[in-house]
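So the sequences go chain by chain: A and B. Numbering follows this note's numbering, in which position 287 of the first sequence is assigned residue number 270; successive positions increment by one, without gaps. Just so we're on the same page, this note's numbering is the position in the second sequence counted from 1, plus 460. Ideal placement from N, C-alpha and C gives every residue a C-beta, glycine not left out. Please read all numbers here as calculations on a predicted model, not as lab measurements.
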Amino acid sequence: MDISRSAVSRSEAIRSFKTSAWLGWQITSNWTDPFLFAIYSIVRPISRAAILVVMYGVITQGNFTNPLFPYIYLGNAFYTYVFIVMNGVSWAVIDDREHYQTLKYMYIAPIRIPFYLLGRGVAGFLTASLSVLITILAGVLFLHVSFDPLQANWLLFFVSLFIGVIMLSTMGLVLAAFSLLVVRHSSFMAEGVSGVLFLFSGAIYPLEVLPKWLQPVGFAIPITYWLELMRRSLIGNVAQAFPTLARFSNLELLGILVGLAFLFGVLSIFVFRRCDHLARERGLIDRTTNY
Amino acid sequence: MNNQPAAGGKKYTGWRLFWHSVIARSYPRIIGQQRDTSWMLFDVVMPLGSVIAYVMVYRALKAPVEYVGFVVMGGAMTAFWMNVLWSMSSQLYWEKEQGNLALYIMAPNSMMSILLGMALGGLVATLLRAVVIILLGSLIFGVQYVVASPFELFGVFAIAMVALYGMGMMFASAFLLFGREAWAISDMVTEPVNLVSGLYFPIKSLPFWIAAAASIIPLTLGLDAMRQLAFSSGFKFGFLTPQVEILILSVLSVIFLVGAKYLLDYTEKLAIREGRLTEARR
C-alpha cells in the first residue's frame, strides 16, 4: 500500500513538473513568432554584456587580452541564469495569482505545487541557456575571449551547471514562498534579490574590489563558488589566476557548492511549507492585489 | 455627460477641464508615493545596486575618477527611463487590462490630458527617486560636482525630460494596440537603451553613427549634456556641445509631443472601430 502511494506521489510530482514546464514555455514564448522570440531572449543579456565590453574597452583602450576581461565577461554571461531561473520559479505565483487568476485552481488540482512552480522555471532555463550560449559565442568570435573547447573541462562544466540550476531553482522556490505572502512589490523580488547577489558574488569584478568588511558576504553566497567553477571549467588557468578563490581546488569548490546548495534546498522546503501554510490559513491564495 | 457638474458643483470645460484632468491623473502618482514609502526599497535600492556594481567594475579596471560620477548620474537618469518605459509607454495597456481605459475614453476629458497627467505625476515622483540615488551615490563614492552654470544644467534637464516624457506619451498610444507584446517589448528595450544611451559610460565612446542614431532617445543627449555641465572634465567626454544638444532636444520635444497627439487620435479611433478597448488579451 505504501509503495503504491509513494509511486502515485512520485508520478504526480513528475506530471506536475512536466506539465508546468510545457505551460511555462507556452506562456513565455507563444506571444510571438519563434524568430522574434529568439531575438527577445538574447537582446537583454547581449546588451548587458555589451555595456561591460564598452566600459572595459574604453578604460583599457581595447586591450581584451587582460585576464580580467574573460573573468568579467563569463561571470556576467553565466549570471544570466541567476535572475532568469529564480524569476521563472517565483514569477509563476504572481502570474497565476494576479494576472491569469488561476492559482486557486492550481491549488485544488491534483498536482504538487512546489513541483509545478519549479517546472515553470524550465522555460527560463532554456531561454537563459540560449542567451548564455550566444553571449559566449559572441565573446569568442569577436572579443578574443580565450576559450578553447578542447581545453575546457566539460565534465566540471555540466556538473557545475546542473548543481547551479538546482540551487537557483530552490532559491526561486524560497522567493515564490515569500511571494505568496507579500502584498506589495513581490513582482520585483527576484530582480531585487538577484541584484543584491550580483554585488556580492564577484560576477563582474573580483571580490577584492569590495570593502574588506563586505567580502565575507560574498563568501557566504553559493553563487560565488558556482560562477568560479563555471569560469574555471571553460578557461581554467585564467580564472584560477584571480586571488578570490585561488586557494581552493576545483573539487573543494564543488564540495562547498554542493554543501551550500543542499543547505538552501533544505531551507527552501521548510520556508515553502511554512509560507504555503500561512497563505492558505490567511486566505491569500486567491488574492488579487492589482499592485 | 459633457455638461455634468464636477463633484464640487463646478462645471469644468475647455482648458479648465484639461488642466483639472492633468492634475487629477498626476495626483495618485505623487500622493500615492507619499502614502506608501515601501517603493524606496525597490525604486532606490535596486538602481543604486546597479550603480554600485558598475562603479566597482570601473574600480577593478582602475578607471579615472570621473567615470564614477558618470555612473552615479546615469543611475539616477535610469529612474526616469524606467518610469517612461513602464509607467508611461505601457501604462495605457495596463489601464486596458484593469478596465480603466474605457472609463478614460468615456469621460469628457481629452486623452492627451490623461497622458500629460501621467507624465507630470511620473516625472515629479521619479524626481524624488533620482535625487535620492544621486545623493546616496555621491555620498558613498565621494563624487565631486563642478557646476559652472546651474541655470543651463537645469535647462538641459528640463528639456530632456519634456522630450523623454513626450516620447513616453507617444509610445503609450502605440503600445495600446499591443497585447502581451507590450510587456515583452518594454522588457526587451530596457537594456539596449541602457547601452546606446550611455548610461554607464560617455556616449562618445560608441562609434559616431551609433551615438548619432542613439541621440533620438532624449536620455542620450540629455545625459551627455548634463555630464558636461556637472563635472570639471566633462567637456572632454562630450559627444556634441551642450548648446547643440539643447537644440536637438528641443526639436525632439516638439516632434514627440505632436507625434503623441497624432498617434493617440489614430490608435483611439482604430481601437474603437475594432472594438479592442475593453479587450484584455491575457
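Under the three-state DSSP convention, the category residue i falls into
{"i": "H260 of chain A", "result": "helix"}
{"i": "Q198 of chain A", "result": "helix"}
{"i": "S232 of chain A", "result": "coil"}
{"i": "W14 of chain A", "result": "coil"}
{"i": "T207 of chain A", "result": "helix"}
{"i": "N543 of chain B", "result": "helix"}
{"i": "N59 of chain A", "result": "helix"}
{"i": "D269 of chain A", "result": "coil"}
{"i": "Q44 of chain A", "result": "coil"}
{"i": "A75 of chain A", "result": "helix"}
{"i": "Q9 of chain A", "result": "helix"}
{"i": "F49 of chain A", "result": "With the sequence shown as reference, residue 49 of chain A is identified as Asn, and Phe is not the correct amino acid for it. If DSSP states are grouped into helix, strand and coil, N49 of chain A belongs with coil."}
{"i": "R84 of chain A", "result": "In the sequence on display, residue 84 of chain A carries Gln and not Arg. Residue state, collapsed to three classes: coil."}
{"i": "A523 of chain B", "result": "coil"}
{"i": "P189 of chain A", "result": "coil"}
{"i": "F130 of chain A", "result": "coil"}
{"i": "P28 of chain A", "result": "helix"}
{"i": "S550 of chain B", "result": "coil"}
{"i": "S3 of chain A", "result": "helix"}
{"i": "G577 of chain B", "result": "helix"}
{"i": "A244 of chain A", "result": "helix"}
{"i": "A644 of chain B", "result": "helix"}
{"i": "A92 of chain A", "result": "coil"}
{"i": "G698 of chain B", "result": "coil"}
{"i": "K556 of chain B", "result": "helix"}
{"i": "N70 of chain A", "result": "helix"}
{"i": "F255 of chain A", "result": "helix"}
{"i": "Y510 of chain B", "result": "Here residue 510 of chain B is Ser; the residue named in the question, Tyr, does not match the sequence. Residue state, collapsed to three classes: helix."}
{"i": "F225 of chain A", "result": "coil"}
{"i": "S184 of chain A", "result": "coil"}
{"i": "N569 of chain B", "result": "coil"}
{"i": "S693 of chain B", "result": "coil"}
CB contact below 9 Å: residue i versus chain B
{"i": "R257 of chain A", "result": "no"}
{"i": "V123 of chain A", "result": "no"}
{"i": "P17 of chain A", "result": "no"}
{"i": "F171 of chain A", "result": "yes"}
{"i": "V115 of chain A", "result": "no"}
{"i": "G178 of chain A", "result": "yes"}
{"i": "Y23 of chain A", "result": "yes"}
Residue span of the alpha helix (DSSP H) that contains residue i, given as start and end
{"i": "D725 of chain B", "result": "P702 to E734"}
{"i": "G602 of chain B", "result": "Run containing G602 of chain B: none; DSSP gives neither H nor E here."}
{"i": "Q134 of chain A", "result": "Counting along the chain, Q134 of chain A falls outside any alpha helix (DSSP H), and DSSP gives it neither H nor E."}
{"i": "H480 of chain B", "result": "G474 to R495"}
{"i": "V166 of chain A", "result": "Premise fails: V166 of chain A is in no alpha helix (DSSP H) and is neither H nor E."}
{"i": "F635 of chain B", "result": "P610 to F635"}
{"i": "G658 of chain B", "result": "Looking at the DSSP string, G658 of chain B is not in any alpha helix (DSSP H), and its letter there is neither H nor E."}
{"i": "F98 of chain A", "result": "I96 to F125"}
{"i": "D503 of chain B", "result": "Neither: D503 of chain B is in no alpha helix (DSSP H) and is coded neither H nor E."}
{"i": "A418 of chain B", "result": "With chain B running from 461 to 742 in the structure shown, residue 418 of chain B is simply not present."}
{"i": "L561 of chain B", "result": "L561 to M566"}
{"i": "A673 of chain B", "result": "F668 to A674"}
Within chain A, partners of residue i - CB distance below 9 Å
{"i": "E651 of chain B", "result": "V26, R27, P28, I29, S30, R31, A33 and I34"}
{"i": "N543 of chain B", "result": "The contacting residues do not exist; N543 of chain B stays about 14 Å from chain A at best."}
Interface partners of residue i on chain B, CB under 9 Å
{"i": "P194 of chain A", "result": "Ordered by position in chain B, no residue passes the 9 Å Cβ test against P194 of chain A, which lies about 10 Å from the chain."}
{"i": "E174 of chain A", "result": "F502 and M506"}
Within-9 Å CB hit, residue i to chain A
{"i": "A513 of chain B", "result": "yes"}
{"i": "W661 of chain B", "result": "Strictly speaking, residue 661 of chain B in this sequence is Phe, with Trp absent from that position. At least one chain A Cβ lies under 9 Å of F661 of chain B."}
{"i": "A523 of chain B", "result": "yes"}
{"i": "Y518 of chain B", "result": "yes"}
{"i": "D725 of chain B", "result": "no"}
{"i": "S665 of chain B", "result": "yes"}
{"i": "D684 of chain B", "result": "no"}
{"i": "Y527 of chain B", "result": "yes"}
{"i": "M572 of chain B", "result": "no"}
{"i": "M648 of chain B", "result": "yes"}
Residue i: contacting residues in chain B (beta-carbon distance under 8 Å)
{"i": "L182 of chain A", "result": "G509, I512, A513 and M516"}
Closer than 7 Å at the beta carbon, the chain B residues around residue i
{"i": "I187 of chain A", "result": "A513 and V517"}
Interface residues of chain A facing residue i [CB-CB closer than 7 Å]
{"i": "L655 of chain B", "result": "S30, A33 and I34"}
Closer than 8 Å, Cβ to any Cβ of chain C: which residues of the segment 38 to 61 of chain A, in chain order?
-> The chain inventory of the structure shown lacks chain C, comprising the protein chains A and B.
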